[in-house]
Amino acid sequence: MSDNKNRAVQETLAKGAAKADASYMSRRITIDPITRLEGHGKIDIFLNDQGDVDRAYFQVPELRGFEKFAVGRLAEDMPQITSRICGVCPTAHHMAGTKTLDDLYKVEPTETAKKIREMIYNIFMVEDHAIHFYFLGGPDFVVGPTAPAAERNVLGVIGKVGVDTGKQVIAMRRRLREIISTLGGKVVHPVFGLPGGVARRVKPEEQKHFQEVAKEAVEFGKFTMKILEDIVLKNKDYVDLILSDAFTHKTYYMGLMDKNNHPNFYDGDVRVVTPEGKEYARFPIQKYLEHIGEHVEPWSYVKFCFLKKVGWHGFKEGADSGVFCVAPLARLNAADGMATPLANELYQKYVATLGKPVHHTLANHWARVIELVFAAERFQQLANDPELTSDNIRRLPTETPKEGVGVVEAPRGTLIHHYKTDDRGVITMANLIVATQNNSARTAMSVEKAAKGLISKGVVSDGILNEVEMAFRAYDPCHGCATHSLPGSMPLIVRVRDLEGNTTATLRRDSDGRIHKE
Amino acid sequence: MEESTRSDFSARLLCLGNDILADDAMGLRVAEVLRGRLPASVDVVSSMESGLRLLDHLVGVPRVIVIDAVQTGSAPPGTIFVLREGDISYSPGPSGHYMGLFETLALGKKLDMPVAHDVLIIAVEAEDCRTLGGAMTPAVERAIPEVARRIMEMVG
């Protein structure tokens, strides 16, 4: 073929593709919170020519310019900088950043430093899981998905569990935060992590207090499990909902495991199991690029993580698709048991009830409570460790830095930091893979499944907002960082467009929580 | 973030924002301007937190003035909104990841906590709250002295 002909063919193809894109865009429904104040989640639903759902995607806006911002800065500032990105889980970023510095400077922290770090990290996990279970996931489970909209909020949760329980949750949270402040400085911007160790030792007189709070935390975990059992698991409607096909996907699962294949939030190898529950891979985080790929869709700035060796084959489930899942459900699926006695007992009951692996997304809430108990027990083990109060809290780095990778299990799943530097430790490349991104493909599949059940021939059911929100809320996706809390008066809106791009219907949820159709 | 431990303050400025996120730094900049220029009975707190995590700052003081950037899309960048609880219809529907300020206040009240009974919000319409390391846009920057002046009038 001559060059001219070749060019003509290319131009024709490009025109065709542009036309197809334009037509595709005109058949898009967007669910977009109007303000950033109640979270940024955005859902795009694309219809086919028949007006049925072709694809639906959940997007979280990413902050722009991270790499540019990081390059030229000192690597040792990264634990502080990355924790400033996120107002929700700064401790997770701080810890992942600190561990990346260990790897960058090839320095192994002292045993005491590791114990202090892991203890703080588990305290953070107890707090975060408790907030999610009681206040954020609570409206779906504790109050119930079919409760009137006006009750499906945090006050409805308190109404159901009781004011005293609410007070206990708030008091527990305060006690946990006080310890993090004592050891880590500011709660929002922790400053305790250093390459090779921590900035501050645990004083012997503090240890007794930590032990007391840890004991309370374990009791709090038991109490939370009882609430889950009484309110959720004894309610057949809730259990049916957990088991329903609408909230089920068979994918790969990933989590950080100790040497016994028990989940560890602070450290370990990444383990991946197949949709049948068999070990697929186990690797140190430094090999993450061999295993985790990032798929890009032309319509979205969100990258969809997938298992590289299985490959990206679209938003599909099953062993032939590289889509995987992280966070509590995935960690428990990737595990052979739990490292602490009570959590393991609860895990065995969970597996006996739901089987293994558990493919039901809404079981995340149950798995989260088991993890809360584990985090409390692990906190207690570490608080009781005689080595905790040693003053051997740092090994000084001596190697010339080049490249480092670090990982933790954030409450929302596997969180990876990766930095390259020049020999002065100045960043030349920085990459973060956050938990929400690891889960993005499966979250999109859940949203699509919910949307497909609710949209037919261009007609959008009023229930879509609720169902679609439930589909993604179980993953606890992080809606962009540094989101504040001023209230939005209209947090969610759906626009349905016809083939010409004209808006044919608008659904909005008003301040009374009711859905209005215009 | 500063811990709010004293309990004898008459009012608290709760300045929200993120100092590395362009216009989102607005609230924190207002705190810098006002710190040291207000009566000792006024507590100035800067925070990057959100939702339930703000509860600690809403208790133990009768009056709270919240300062934050906001993106309503309904007004030009730099527009100053002054809002009271009754002015805003907040969504009681569950949000994906966060609780709103007034939901947090309502929770505090429900749990018999000594939450502020007078809460006022001063919000400035922002243009860019997504660019890490980005500078504040001129319109939002220009609003800072006016926000500070209004607060001085209220509590100075």
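These protein sequence lines are chains E and Y, in that order.
Letter 344 of the first sequence, counting from 1, is numbered 344 in the working numbering, and no numbers are missing.
Letter 106 of the second sequence, counting from 1, is numbered 1106 in the working numbering, and no numbers are missing.
We put the beta carbon where it would ideally sit given N, CA and C, even for glycine.
Within 10 angstroms of the Cβ of N122 of chain E, are there 16 or more other Cβ atoms? Answer buried if so, exposed if not.
Within the first sequence, the letter at position 122 stands for residue 122 of chain E. Buried, because 16 or more other Cβ atoms sit within 10 Å of the Cβ of N122 of chain E.
Would you say I1020 of chain Y lies against chain A (beta-carbon separation less than 8 Å)?
Included in the structure are the protein chains E and Y, with no chain A among them.
Is it buried or exposed for G137 of chain E, if we count other Cβ within 10 angstroms and need 16 for buried?
Counted from its first residue, the first sequence places residue 137 of chain E at position 137. Buried, because 16 or more other Cβ atoms sit within 10 Å of the Cβ of G137 of chain E.
For V426 of chain E, would you say it is in contact with chain Y, using Cβ-to-Cβ distances shorter than 8 Å as the test?
By one-based count along the first sequence, residue 426 of chain E stands at place 426. Output row for V426 of chain E: interface = no.
I'd like to know if F141 of chain E contacts chain Y, where contact means its C-beta is closer than 8 Å to some C-beta of that chain.
Here residue 141 of chain E refers to the residue found at position 141 when the first sequence is read from its first residue. Chain Y, which has no Cβ nearer than 8 Å to the Cβ of F141 of chain E, makes this no.
8 Å is my cut-off, CB to CB: does E1103 of chain Y come that close to chain E?
Numbered from 1 along the second sequence, position 103 holds the residue referred to as residue 1103 of chain Y. Interface residue, yes.
With a cut-off of 8 Å, do at least 3 Cβ pairs link the segment 238–245 of chain E to the segment 359–366 of chain E?
yes
Can you give me the C-alpha to C-alpha distance between E1127 of chain Y and T274 of chain E, rounded to a whole angstrom?
Stepping through the second sequence from its first residue, residue 1127 of chain Y is reached at position 127. Stepping through the first sequence from its first residue, residue 274 of chain E is reached at position 274. E1127 of chain Y and T274 of chain E: Cα-Cα distance of roughly 45 Å.
In chain Y, what lies closer than 7 Å to V302 of chain E by C-beta?
Position 302 of the first sequence, counting from 1, holds the residue named residue 302 of chain E. Ordered by position in chain Y, no residue passes the 7 Å Cβ test against V302 of chain E, which lies about 14 Å from the chain.
If the cut is a Cβ gap below 8 Å, which residues of chain Y does K167 of chain E touch?
Position 167 of the first sequence, counted from the start, is the residue given in the question as residue 167 of chain E. Those are L1111 and D1112, listed as they occur along chain Y.
If we ignore side chains and look at the alpha-carbon of each, how far apart do R173 of chain E and D128 of chain E end up?
Looking up residue 173 of chain E in the first sequence gives position 173. Looking up residue 128 of chain E in the first sequence gives position 128. Rounded to the nearest angstrom, the two C-alpha atoms are 9 Å apart.
Is DSSP giving V310 of chain E helix, strand or coil here?
For the purposes of this step, residue 310 of chain E is taken as residue 310 along the first sequence, with counting starting at 1. In the structure shown, V310 of chain E sits in coil (DSSP, three-state: anything other than H, G, I, E or B).
Within this structure, are the beta carbons of E377 of chain E and L342 of chain E separated by less than 8 Å?
Locating residue 377 of chain E in the first sequence gives position 377, where the first residue counts as 1. Locating residue 342 of chain E in the first sequence gives position 342, where the first residue counts as 1. Contact: yes.
Using the C-alpha atoms, what's the distance from I1065 of chain Y back to L1058 of chain Y?
Numbered from 1 along the second sequence, position 58 holds the residue referred to as residue 1058 of chain Y. Numbered from 1 along the second sequence, position 65 holds the residue referred to as residue 1065 of chain Y. When rounded, the distance between both Cα atoms is 10 Å.
Given that a residue counts as buried once 16 or more other Cβ atoms are within 10 Å of its Cβ, and exposed if not, what is N384 of chain E?
Here the question's residue 384 of chain E lines up with position 384 in the first sequence. In this structure N384 of chain E is exposed. Its beta-carbon is surrounded by fewer than 16 other beta-carbon atoms within 10 angstroms.
Checking contacts by CB at 8 Å: is M1136 of chain Y closer than that to chain E?
Within the second sequence, residue 1136 of chain Y is the residue found at index 136, counting from 1. No, M1136 of chain Y lies away from the interface with chain E (no Cβ there is under 8 Å from its Cβ).
Within 10 angstroms of the Cβ of M429 of chain E, are there 16 or more other Cβ atoms? Answer buried if so, exposed if not.
Locating residue 429 of chain E in the first sequence gives position 429, where the first residue counts as 1. Exposed: under 16 other Cβ atoms inside 10 Å.
How many angstroms separate the CA atom of V1147 of chain Y from the CA atom of I1080 of chain Y?
Sequence index remark: in the second sequence, residue 1147 of chain Y carries index 147 (1-based). Sequence index remark: in the second sequence, residue 1080 of chain Y carries index 80 (1-based). Rounded to whole angstroms, V1147 of chain Y to I1080 of chain Y spans 8 Å at the Cα level.
Say whether chain Y places a C-beta atom closer than 8 Å to the C-beta of P487 of chain E.
Taking the first residue of the first sequence as position 1, residue 487 of chain E is located at position 487. Residue confidence is low: P487 of chain E scores 36 on pLDDT, short of 50, so the model does not pin down where it sits. No coordinate-derived value is stated.
Can you say whether Q348 of chain E is buried or exposed, counting buried as having 16 or more other CB atoms within 10 angstroms of its CB?
The residue given as residue 348 of chain E occupies position 348 in the first sequence. Exposed is the call here.
Going by alpha carbons, who is nearest to N106 of chain E out of E:L415, E:G404, E:A444 and E:H417?
Start at 1 with the first residue of the first sequence, and residue 106 of chain E comes out as number 106. Strictly speaking, residue 106 of chain E in this sequence is Lys, with Asn absent from that position. Minimum Cα-Cα distance from K106 of chain E among the listed residues E:L415, E:G404, E:A444 and E:H417 corresponds to E:G404.
Can you grab the Cα-Cα spacing for the pair E387 of chain E / D1008 of chain Y, in whole Å?
As a position in the first sequence, residue 387 of chain E is number 387, starting the count at 1. As a position in the second sequence, residue 1008 of chain Y is number 8, starting the count at 1. Taking the straight line joining both Cα atoms gives about 41 Å.
Going straight from the alpha carbon of K115 of chain E to that of T100 of chain E, what length do you get?
Position 115 of the first sequence, counting from 1, holds the residue named residue 115 of chain E. Position 100 of the first sequence, counting from 1, holds the residue named residue 100 of chain E. Roughly 17 Å between the two C-alpha positions.
Excluding the five sequence neighbours on either side, which residues of its own chain have a C-beta within less than 6 Å of the C-beta of L1068 of chain Y, listed in chain order?
The residue given as residue 1068 of chain Y occupies position 68 in the second sequence. The sequence given here has Asp at residue 1068 of chain Y, not Leu. The answer, listed in chain order, is L1016, G1027 and A1123.
So what's R1149 of chain Y in DSSP terms, helix, strand or just coil?
The count along the second sequence starts at 1 and reaches residue 1149 of chain Y at position 149. DSSP, reduced to helix, strand and coil, places R1149 of chain Y within a helical segment of the structure shown.
Which residues in the same chain have their Cβ closer than 6 Å to the Cβ of H417 of chain E, if we skip the five residues on either side of it in sequence?
Counted from its first residue, the first sequence places residue 417 of chain E at position 417. Correct list, in chain order: A96, G97, T100, G406 and L432.
Note down the Cα distance separating D77 of chain E from M1152 of chain Y, rounded to an integer number of angstroms.
Residue mapping note: residue 77 of chain E aligns to position 77 of the first sequence, counting from 1. Residue mapping note: residue 1152 of chain Y aligns to position 152 of the second sequence, counting from 1. Cα-Cα distance, rounded: 36 Å.
Are the segment 442–458 of chain E and the segment 468–479 of chain E touching, with three or more C-beta to C-beta distances below 8 Å?
yes
Just to confirm the assignment, what range does the beta strand (DSSP E) spanning G184 of chain E have?
The residue given as residue 184 of chain E occupies position 184 in the first sequence. Taken as a continuous stretch (DSSP letters only), G184 of chain E belongs to no beta strand (DSSP E), being part of the alpha helix (DSSP H) at V163 to G184.
K308 of chain E and H291 of chain E - do their beta-carbons sit closer together than 8 Å?
Taking the first residue of the first sequence as position 1, residue 291 of chain E is located at position 291. Taking the first residue of the first sequence as position 1, residue 308 of chain E is located at position 308. The answer is yes: Cβ separation under 8 Å.
Alpha carbon to alpha carbon, how far is V53 of chain E from F220 of chain E? Give it in angstroms, no decimals.
To locate residue 220 of chain E, count along the first sequence from 1; it is residue 220. To locate residue 53 of chain E, count along the first sequence from 1; it is residue 53. Near 44 Å, if we compare the C-alpha coordinates of V53 of chain E and F220 of chain E.
Between L1013 of chain Y and V1140 of chain Y, what straight-line distance do the alpha-carbon atoms span, to the nearest angstrom?
Within the second sequence, residue 1013 of chain Y is the residue found at index 13, counting from 1. Within the second sequence, residue 1140 of chain Y is the residue found at index 140, counting from 1. Going by the C-alpha atoms only, they are around 19 Å apart.
In chain order, what residues of the same chain lie with their CB nearer than 6 Å to the CB of T400 of chain E, ignoring the 5 residues before and after it?
The residue given as residue 400 of chain E occupies position 400 in the first sequence. These residues qualify, in order along the chain: D423.
Restricting to runs no shorter than 4 residues, where is the alpha helix (DSSP H) found entirely within the segment 1008–1048 of chain Y?
1026–1034
Straight-line gap, I31 of chain E to E276 of chain E (C-alpha atoms, nearest Å):
In the first sequence, counting from the first residue as 1, residue 31 of chain E sits at position 31. In the first sequence, counting from the first residue as 1, residue 276 of chain E sits at position 276. With a pLDDT of 49 at I31 of chain E, under the threshold of 50, the modelled position of this residue cannot be trusted, and the question is left open.
What is the DSSP secondary structure of F58 of chain E, reduced to helix, strand or coil?
Your numbering for residue 58 of chain E matches position 58 in the first sequence. F58 of chain E sits in a strand when the DSSP states are folded into three classes.
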